[in-house]
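Heads up: the sequence shown is residues -12 to 359, going by the working numbering.
Note that the Cβ used here is the ideal one computed from N, Cα and C, for glycine as well.
Computed from a prediction, not measured in an experiment: that's the story for all the values here.
Shown next, in structure tokens, is the structure this report addresses.
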Amino acid sequence: MLLKHKQDVEGKIPRDVIIYDWHYTPQTDGYPSVEWFRKQGLDVFICPTTVCHDWEFVDTESITRNIELFTAAGKKHGAIGFLNTNWEFPYQGFIDIGWHGLAYGADAAWSGDASLRQAEVFDARFAKVFFRAEGADLGKVFRLLGEPNEILRREWPEAVWMRSRDFFHENPQTQDYAMEIDRVFLGQRGFHMFSRDQLARAANRILAVTDQADRLLAARSVSAEANREVLPVLEYASRKRHYLARRLLYMQSARDSYQQALALRNHPVMVNAALQDARALLEALAVDLEILDETMRGLWAPRLKDAGLAQSSMLYLKHRDLYREMAKSLENAAAKHAIDGTLPPAAEIGLEQVAPEQVAAAGRAEPTGSSQ
-12 MLLKHKQDVE
-2 GKIPRDVIIY
8 DWHYTPQTDG
18 YPSVEWFRKQ
28 GLDVFICPTT
38 VCHDWEFVDT
48 ESITRNIELF
58 TAAGKKHGAI
68 GFLNTNWEFP
78 YQGFIDIGWH
88 GLAYGADAAW
98 SGDASLRQAE
108 VFDARFAKVF
118 FRAEGADLGK
128 VFRLLGEPNE
138 ILRREWPEAV
148 WMRSRDFFHE
158 NPQTQDYAME
168 IDRVFLGQRG
178 FHMFSRDQLA
188 RAANRILAVT
198 DQADRLLAAR
208 SVSAEANREV
218 LPVLEYASRK
228 RHYLARRLLY
238 MQSARDSYQQ
248 ALALRNHPVM
258 VNAALQDARA
268 LLEALAVDLE
278 ILDETMRGLW
288 APRLKDAGLA
298 QSSMLYLKHR
308 DLYREMAKSL
318 ENAAAKHAID
328 GTLPPAAEIG
338 LEQVAPEQVA
348 AAGRAEPTGS
358 SQ
């Protein structure tokens, strides 16, 4: 059973019940639920996670901090065990992306020496045991692929309720997936996560850490003597992060191109060039998503599982279709301009710019219906 209001069950839980206490993000209050259940005379397992069902990207910083703090609380209050959870959907990068966190959790549960889990030290230990490879590089790849979460937090610290899935797929106002994500994040409806500078800074930092992960994978994959089947999953995870960064950059560039077309509407050649630039950017993103979908299916097929595949493919392909609908709208806009010299408002295409005051206002309130 799931317990949401512990006052409703105080003194009513049979003593032979074992509690599995879930906390998937770091808590600043010392995890009082562990102590409460222990005071009820109940045995407790502490249950952190390595891959959560609503994370698009594994959040290495959050995972490791939560494990350290939760384990300390469990030991302090006499928890009888540690159960590390790992939720798998193919679009999230597969269960394999959680091996680093699973090993980290095992070490935290079994060892009281936190110095062994300092980043460089632990990554080398993990690479040696899991891949039978020397050096820390293949362990560091997992850590680098978790960096986008921290980058997004640094750029928008007020949005603590955001999940990495929201940045990749979801309309956070309606909980609908992939239908109007770019209009939501970088355009209309009053929900604007980034100013122009924040957007460019976040995207370029994501590209930088992902490029570093790619270089380490290219240089060190040959040295892996065990669990080599995990390496293509890491490459897929890296490709997803590249796509996210390009989306943030390309959508803003597409907006800029449409604004240029509006400003130069009396110069047909320049208008056509600007519209073509915007269409090319949207088509590049659509192709990125087709490649991600094809790669995901190729990795998923040998696992002989159907669960999650159709939904995961739907997320990619609906978003792809959105880009192509926008590209078609640009094609229609070019045809209209050729006839009467006018262009539709940017909002009709989904490429309107966001005023700085709109960006500031969006950060002041959590949209209705969002959840931690």
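Local conformation of residue 7 per DSSP, three classes: strand
Helix, strand or coil at residue 38 [DSSP, three-state]: strand
Check whether residue 48 and residue 107 have beta carbons under 7 Å apart: no
Expected contact under 8 Å - CB spacing of residue 207 and residue 120 to nearest Å: 6 Å
Residue(s) in a DSSP beta bridge with residue 72: 36
C-alpha distance - residue 115 paired with residue 124, whole-angstrom precision: 10 Å
Inter-stretch contact at 8 Å, needing at least 3 Cβ pairs: the region 241 to 249 / the region 261 to 270: yes
Alpha-carbon to alpha-carbon, residue 303 and residue 87: 26 Å
Residue from 56, 39, 45 with nearest C-alpha to residue 21: 56
Residue 305, enclosing alpha helix (DSSP H) - first and last residue: 296 to 327
Reference residue 205, options 81, 258, 221, closest by Cα: 221
Residue 100, DSSP secondary structure in three states: coil
Continuous alpha helix (DSSP H) stretch holding residue 109: start and end: 106 to 113
Unbroken alpha helix (DSSP H) run spanning residue 242, endpoints: 218 to 250
Own chain, CB closer than 8 Å to residue 344, minus 5 neighbours either side, in chain order: Only weak support exists for where residue 344 lies, its pLDDT of 41 falling under 50; the coordinates are left without a value.
Local conformation of residue 31 per DSSP, three classes: strand
Sub-7 Å separation of residue 39 and residue 18 beta-carbons: no
Status (buried if at least 16 other CB within 10 Å, exposed otherwise) for residue 190: buried
Sub-7 Å separation of residue 233 and residue 193 beta-carbons: no
Where residue 91 sits in the DSSP three-state scheme: helix
Counted within 10 angstroms of its Cβ, other Cβ atoms place residue 127 as buried (16 or more) or exposed: buried
Distance, residue 301 Cα to residue 277 Cα: 11 Å
Cα-Cα separation between residue 251 and residue 333, rounded to whole angstroms: 14 Å
Three-state class that DSSP yields for residue 46 in the structure shown: coil
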